[in-house]
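Chemist: Oh and the sequence shown: position 226 is 230 in my numbering, straight run, nothing missing.
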Amino acid sequence: MAEQKEYRIPAHVAIIMDGNGRWAKKRGLPRTAGHAQGAKVVEQILEDADHMGIRYLTVYAFSTENWSRPQTEVKALMNLLRTYMRTALPKCTKNNVRVRVIGDRSKLDDDLQKAIDGLEEATKGNTGIGFQIAINYGARDEMRRAVTALARRAADGTLSPESITEQTISDALDTAGIPDPDLLIRTCGEERLSNFLMWQLSYAELYFTDKAWPDFDRDELVKAVDAYNHRERRYGGLIQ
Ligand code: IPE
Ligand code: IPE
Ligand code: MG
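#1: Where do the N-terminal and C-terminal ends of the alpha helix (DSSP H) with glutamine 117 fall, by residue?
#2: Are the region 121-131 and the region 139-157 touching, with three or more C-beta to C-beta distances below 8 Å?
#3: Out of Ile137, Thr91, Val226, Arg90, which has the shortest C-alpha to C-alpha gap to arginine 109?
#4: Tell me the start and end of each unbroken alpha helix (DSSP H) in the region 152-221 that is at least 4 residues and wholly inside, in chain order.
#5: Hey, how far is the Cα of alanine 180 from the Cα of asparagine 233?
#6: What separation, rounded to the nearest whole angstrom, lies between the Cα atoms of serine 167 and tyrosine 141?
#7: Between the region 83-95 and the region 214-230, are three or more C-beta pairs nearer than 8 Å?
#8: What runs of the beta strand (DSSP E), each 3 residues or longer, lie entirely inside the region 42-77?
#9: Which of the three DSSP states is assigned to tyrosine 88 in this structure?
#10: I'd like to know if the region 167-176 and the region 194-201 are in contact, where contact means that at least 3 CB-CB pairs between them fall below 8 Å.
#11: In terms of DSSP beta bridges, what is glutamine 8 paired with?
#12: Measure from the alpha carbon of threonine 68 to the alpha carbon of each residue in Thr91, Lys111, Lys44, then state which is nearest.
#13: Any idea what DSSP makes of arginine 26, helix, strand or coil?
#14: Considering only their Cβ atoms, is the gap separating aspartate 54 from threonine 191 smaller than 9 Å?
#15: Along the chain, where does the alpha helix (DSSP H) containing asparagine 99 start, and where does it finish?
#16: Would you kindly work out how many angstroms separate the C-alpha atoms of aspartate 186 and alanine 119, rounded to a whole number?
#17: If we call anything under 9 Å between Cβ atoms a contact, is isoleucine 133 one with leucine 205?
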């Protein structure tokens, strides 16, 4: 009898939460209503992921390209993030969640930066699920910032260019210390990376669903993890 393979829970799941605008449009609502619903969904999915045994969840909340949207939409998205950063602490404490924001936060409003710093600081000792939120994040920008930091160390003589390994680069990215995602989920039918975690996703399994993000729920997450279990990860080698 063929041996039953063990069900694997991915340690790190990354999500491109897409389709808030289309979800709202379909209902005759403003795009911002889709973002508000999407924000609720992400909090629920964080809990569901935690209960499933997922150790890290990384979500794409605002890209370096999203600044090109209308001012009113950018403002609404920033306000949702502001509200989250200001109110999430009790729940994070209760659920032992460690929050980390990736992306270039220096371009965000001062009060939002302070709220982010505060939530990160207050949750840094938590040992449960790691929750990474990508804000003003772009993989190319992240790599540019990492290269600048490494070049500075090379210029001041503390880093020898020949000693740079793949690990040196990983450690210079915003996700330093976090294992690479095992599974990437993108919602609402688009099948592209849109500048998300391009270094870290090198060997992730990719899962696409037509569901819009505001309709995503625990069952959808389970479906994605089931699909992941049907994949054969080879990493360039051969399966025994
Ligand atoms: C994803 O939903 C949320 C963000 C990009 C901030 P969209 O706003 O991209 O929704 P669609 O793709 O226009 O439907
Ligand atoms: C990617 O979604 C960014 C986020 C989910 C925050 P977009 O909706 O901005 O991506 P494109 O424009 O369809 O590639
Ligand atoms: Mg979109």
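Here a beta-carbon is modelled for each residue, glycine too, at the ideal position from N, C-alpha and C.
Modeler: On the basis of the data shown:
#1: Within the sequence shown, numbered from 1, the residue matching residue 117 stands at position 113. First-last of the alpha helix (DSSP H) with glutamine 117: 114-127.
#2: No, the region 121-131 does not touch the region 139-157.
#3: Taking the first residue of the sequence shown as position 1, residue 109 is located at position 105. For arginine 109, the nearest C-alpha among the options comes from Ile137.
#4: Runs of the alpha helix (DSSP H) inside the region 152-221: 170-176.
#5: On the sequence shown, residue 180 is found 176 positions in, with the first residue counted as 1. On the sequence shown, residue 233 is found 229 positions in, with the first residue counted as 1. Their backbone Cα atoms lie some 27 Å apart in a straight line.
#6: Counted from its first residue, the sequence shown places residue 167 at position 163. Counted from its first residue, the sequence shown places residue 141 at position 137. Between serine 167 and tyrosine 141, the C-alpha separation is close to 28 Å.
#7: The region 214-230 and the region 83-95 do not touch, with fewer than three beta-carbon pairs separated by less than 8 Å.
#8: With a minimum length of 3 residues, the continuous beta strand (DSSP E) runs that stay inside the region 42-77 are 60-67.
#9: As a position in the sequence shown, residue 88 is number 84, starting the count at 1. DSSP places tyrosine 88 in helix when its eight states are reduced to three.
#10: Contact annotation: the region 167-176 does not touch the region 194-201, with fewer than three C-beta pairs closer than 8 Å.
#11: Position 4 of the sequence shown, counting from 1, holds the residue named residue 8. None, per the DSSP bridge assignment.
#12: The sequence position of residue 68 within the sequence shown is 64, counting from 1. For the residues Thr91, Lys111, Lys44, the minimum Cα distance to threonine 68 belongs to Lys111.
#13: Within the sequence shown, numbered from 1, the residue matching residue 26 stands at position 22. In this structure, arginine 26 counts as helix in the three-state DSSP scheme.
#14: On the sequence shown, residue 191 is found 187 positions in, with the first residue counted as 1. On the sequence shown, residue 54 is found 50 positions in, with the first residue counted as 1. In this structure, threonine 191 sits away from aspartate 54, with a CB-CB distance that is not shorter than 9 Å.
#15: As a position in the sequence shown, residue 99 is number 95, starting the count at 1. Counted as a single uninterrupted DSSP element, the alpha helix (DSSP H) harbouring asparagine 99 occupies residues 93-99.
#16: Position 182 of the sequence shown, counted from the first residue, corresponds to residue 186. Position 115 of the sequence shown, counted from the first residue, corresponds to residue 119. The alpha-carbon atoms of aspartate 186 and alanine 119 are separated by roughly 30 Å.
#17: The count along the sequence shown starts at 1 and reaches residue 133 at position 129. The count along the sequence shown starts at 1 and reaches residue 205 at position 201. 9 Å or more divides the Cβ of isoleucine 133 from the Cβ of leucine 205.
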